[in-house]
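Input: a single structure, listed below in structure tokens.
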Amino acid sequence: MSFFAENLYTIILIPFWVSLLFAIGKLFGLIKSKKIVGILTLLSTFYALVFSVGTFVLTIIEKNYILEQTVPFLQLNRFIFDIGIYIDGLSAWMILLVSIVSLLVQIYSYFYMYSDNSFIRFFIFMNLFNASMFGLILSPNMFQIYVFWELVGLCSYLLIGFWYQKNEVSVAAKRAFIINRVGDFSLLSGIILSAYVILTNLNNTLNVSIPFSNISTISAQIYGCTSDGIFILICLLILLGAMAKSAQLPLHTWLIDAMQGPTPVSALIHSATMVAAGVYLIIRLYPLFSLNPIVLQIISVVGITTALVCSYSALTQVDMKKILAYSTNAQLGLMFLAVGACSTTIAMFHLTAHAIIKAMLFLVVGVVAVSLNHNQDIRNAGGLRKQLPICAITFLIGILSLSGILFAGFSSKELIFGDLIDGKHYIYLSLFLIVSFMTAYYLFRMYFYIFEGKNKFDFEIKEPHFVLNLSVSVFALIVILLWFVLPKSNNVLFAMISHLIAAFAVFTAYLTYSQKKLLKKIPILYDLSINAMYFDGVYHFITKSYKRFSKFLYIIDKYIFDGIVYFCTLNTKMISWFLSKIQTGSVQAYLAYSIFILMMSFGGIMLVYSLIMYFSEVQ
Amino acid sequence: MTETEIIKSITFYGFAIFSLLFAILSIISNNVVYSLLYALIVFFSAGGIFFSVGADYNAVVQIAIYGTAIPILFLFAIMFTSFKENKTVNLALSPRFFIAFFSSAFLFMVLWYSAKFAININENISKFFIPKLSQINSFELFSAISKGIYVNYQLAFILFAFMIFVVAVGISVLNIAKEKNRD
Amino acid sequence: MINNIFNISLYHYLILSLTIFCIGVVGVIIVKNIIKILICIEFMLTAVNINFIAFGAYNDSIALNGFVFAIFYTAIGAVELAIGLIIFYLMYKEKKSIDIDKYKELKN
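Taken in sequence, the protein lines are chains A, B and C. Position in the first sequence counted from 1, then plus 95, gives you the working numbering. Position in the second sequence counted from 1, then plus 41, gives you the working numbering. No gaps in the numbering here: position 103 of the third sequence is 98 in the working numbering, and each next residue is one more.
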């Protein structure tokens, strides 16, 4: 078993090589068969799955199994930067999750994207994403994590803008990338600040790049040698990076833009793996954050606020993928809450459950949208339960789970609930219940819209490829299996409350989905919800005022600074203007000038000569 | 002051005033044909002035070339080109007018002053400037000119003749080339 | 002697030729008609001829080189006039105008 763990670095390299192979092959026109592309991709991901299963089993068998393989990469005086891999329970768990989701989504996307013109490009990006995601998870220190952090951001950008020919898609990709840049910059500042603190205050040169193998010691050292303000600043800078990647409140709008990408991309990157990287980073650095309770409070507040705002925004959306995107936001917020108020393990459970469920839901939505000729409006669907029974069943499993009624989502939510009660966080608890209610409401509203009632379209639904159904079913199976795997607190109180709230939500959704919208009767609330609390408007306002400001600066530059330069050149300009005016083109004028000059020189000579004569006479 | 001197001075002043007056008139006049006529008078007066000095041969040449041949050339040019535009095109009232006027006035003053100055300052130059006019009889004149042209400046004479030939050929070539370009 | 205006000397001839020359210069510059410009050039040539004759008569009564050069100079004037006229004629074919202010290809 230790063979898998010791050779785990190959799961970073092999997808990368496959991606490079496809890129070169596409560049020179060598790879044309889609089957070869699919088989190579699936083989590389299956390889990763085998190795991650082996490593995971090893970490289960040996408690506290830790393996660090590093090679020195950069050594500048006291600054040492190693690259390599770091395996412990957390990273083994995470790569298992990523490889399972990635394999299933790639099987799905092989058939989903088969008719697309840029099939090979899609798999180049997917493999590159796999490589960088594994690299991010297995990073032994903060500097390597930053490198792969950027790489997954790049892959996300490339895959959101996959159909870049459409203008709105490329704009959305750019917006997502720019908002991610804010977080990346903040993360880099945090890393540099902490490295600076270590370099200036400590003699331990090995710790400069913040390796995770002894993160608790380093955290204590940083906490010991900084003031509270600096420490909170470091934490907040790193936290902001995680928040941008995990789409938390001030920077959450990019995830909605990211829905412009293909559905498998949304399933893999923007619901299961990449957005979880922020939570993963916070869990990794939990020893650092937990030193100051204020930071944990901030994490909790950010998480619960995001959950509330995004759940509320999801209530009235009509685009299938946008509802799921807001839902993803909300669930990520609950993960933050779990990290801040409960424990990292519970957050990890919720992350796992949510990743599987949400990937499945996205895949189901992809099948539904394909059946409806790529129409994602839930109002145009309806009564699809008879045409797409497998989709309906798996979707129901997913939403039951995510609403906290049954299966994996029930387990993870139960854990959070129990821990909130134990920690006596009653405000968070009440807000958490509100979020649960809204989650159940909008998910079931979506279900009723899509699968119940009568058909609202008049064309024949074509049967989806059986592999699509198969991969979705495998996901559903995993969701059910997770229910048995995840620990249970056997909290009867939560079971009762959760079922009660969910039942009430389902009942409300059933009553209101087909009728006139409930919230529409209160225009302010409705507007707030449909416009997602106007975050996009605020950002537009900021960019617009920035544009105005730069226009103002442009005017200043043009008329003041350039004006000074132009004024300096005016002298030369005037002289040349005058000289060019002299060149009248008339022969007579030239003759006049020549005679004038001749006379002047002649007169000058005469004058000088007569003066000389005069003075010589005087003497 | 003898009688001959008075006659000489009267002829000189008459021709001088005539030539100056008609030179100015020929510049001022609107009609090109009139200005050509005035120019003719100027050339004739110049011939008269030559005659008064005793350069009879030069006077004849002057009258023959400037008095007849060149005006006919001008007349042809006028006939070919500017018959209709005669009165519209006259003097230019541009800055160059004033430049030319003051430059010429200055030139005049400078030269006058220099001549005067040269006469006043030095006895030798003064002798050079104010010699006695020698009486030349016509035989001496013609023999001197013939000697000058055909003996002393023989090469220059041939050169001038050749130059005139070249010019005649050049003009015809220019014209033919232009005609070909037209086609 | 100079003040005696009736005693005609070389000086008087020089002043006369200078005046005609100046008139010619001014005329060349201010006149717009190309034919009149050529006439003014002839004035200048005549003025130079007067100079030659006067110096020849007053200073060189034996060889009379001034007279000889005056003849050469007359020939030069005729040749120059012929060239001037043919150039003018060719220019006129292009522009159909005798106004020299319209020949301004070298402006600015």
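Heads up, the beta-carbon is just placed ideally off N, CA and C, and yes, glycines get one too.
| Asked | Found |
| --- | --- |
| Minimum C-alpha distance to I226/A - residue among V277/A, I109/A and S671/A | The residue you asked about is not Ile; residue 226/A is Ala in the sequence shown. Among V277/A, I109/A and S671/A, the Cα nearest to that of A226/A is on I109/A. |
| Cα-Cα separation between L40/C and F50/C, rounded to whole angstroms | 16 Å |
| Cβ-based contacts, 8 Å cut-off: residues of the segment 110 to 121 of chain B near chain A | none |
| Classification of Y241/A by the beta-carbon crowding that lies within 10 angstroms, buried from 16 upward | buried |
| Integer-rounded CB distance, given that N46/C should sit under 8 Å from L9/C | 7 Å |
| G477/A burial status per 10 Å Cβ neighbour count (16 or more: buried) | buried |
| Closest Cα partner of K158/A within the set S234/A, L185/A, G120/A and F141/A | L185/A |
| Partner residues on chain C for V73/B, Cβ-Cβ distance less than 7 Å | N28, I30 and K31 |
| Expected contact under 8 Å - CB spacing of I3/C and S50/B to nearest Å | 5 Å |
| Nearest-angstrom beta carbon gap, I186/B and F62/C [assumed within contact, 8 Å] | 6 Å |
| Given 8 Å, three or more beta-carbon pairs between the segment 523 to 537 of chain A and the segment 460 to 467 of chain A | no |
| Closer than 8 Å to chain A by CB, E100/C | yes |
| Selection of the segment 662 to 685 of chain A by Cβ proximity to chain B, strictly under 7 Å | Q683 and A684 |
| Beta carbon of A342/A nearer than 8 Å to that of V370/A | yes |
| Within chain B, partners of V21/C - CB distance below 7 Å | A141, F142 and S145 |
| Stretch pair the segment 139 to 149 of chain B + the segment 59 to 78 of chain C: three plus CB contacts closer than 8 Å | no |
| First and last residue of the uninterrupted beta strand (DSSP E) at P167/A | L162 to L171 |
| Rounded separation between V21/C and V660/A - CA only | 45 Å |
| Length-filtered (4 minimum) alpha helix (DSSP H) runs lying within the segment 471 to 517 of chain A | 479 to 482, 484 to 497 and 502 to 517 |
| Given L81/B as reference, the closest of T109/B, F138/B and I47/B once Cα atoms are compared | T109/B |
| Rounded C-alpha distance that separates Y207/A from S566/A | 12 Å |
| Cα-Cα separation between I(-3)/C and G698/A, rounded to whole angstroms | Caution applies to I(-3)/C, whose pLDDT of 45 falls short of 50 and renders its modelled position unreliable; the value that the coordinates give is listed next. Spanning the two alpha carbons is a distance of roughly 24 Å. |
| Residues of its chain near L137/A, where Cβ-Cβ distance is below 8 Å and the 5 sequence neighbours each way are ignored | L198, Q201, I202 and Y205 |
| DSSP-derived helix/strand/coil call for D177/A | strand |
| Residues within the segment 81 to 101 of chain C neighbouring chain A, beta-carbon criterion of under 8 Å | I95, D96, Y98, K99, E100 and L101 |
| Burial state of N275/A (16 or more Cβ within 10 Å) | buried |
| Endpoints, alpha helix (DSSP H) assigned at H445/A | T439 to S466 |
| Amino acids of chain A, ordered along the chain, whose beta-carbon sits closer than 7 Å to that of L148/B | M694 |
| Assigned secondary structure, V26/C (DSSP; H/G/I helix, E/B strand, else coil) | strand |
| Strand pairing of P306/A, partner residues [DSSP] | N236/A |
| Within the segment 193 to 240 of chain A, ranges of the beta strand (DSSP E) (whole runs, at least 3 residues) | none |
| Opening and closing residue of the alpha helix (DSSP H) in which A598/A lies | V587 to T607 |
| Within 8 Å, strictly: CB atoms of I485/A and N564/A | yes |
| From D472/A, S671/A, I134/A and P559/A, residue whose alpha carbon lies closest to that of Q412/A | D472/A |
| Closer than 8 Å to chain B by CB, G698/A | yes |
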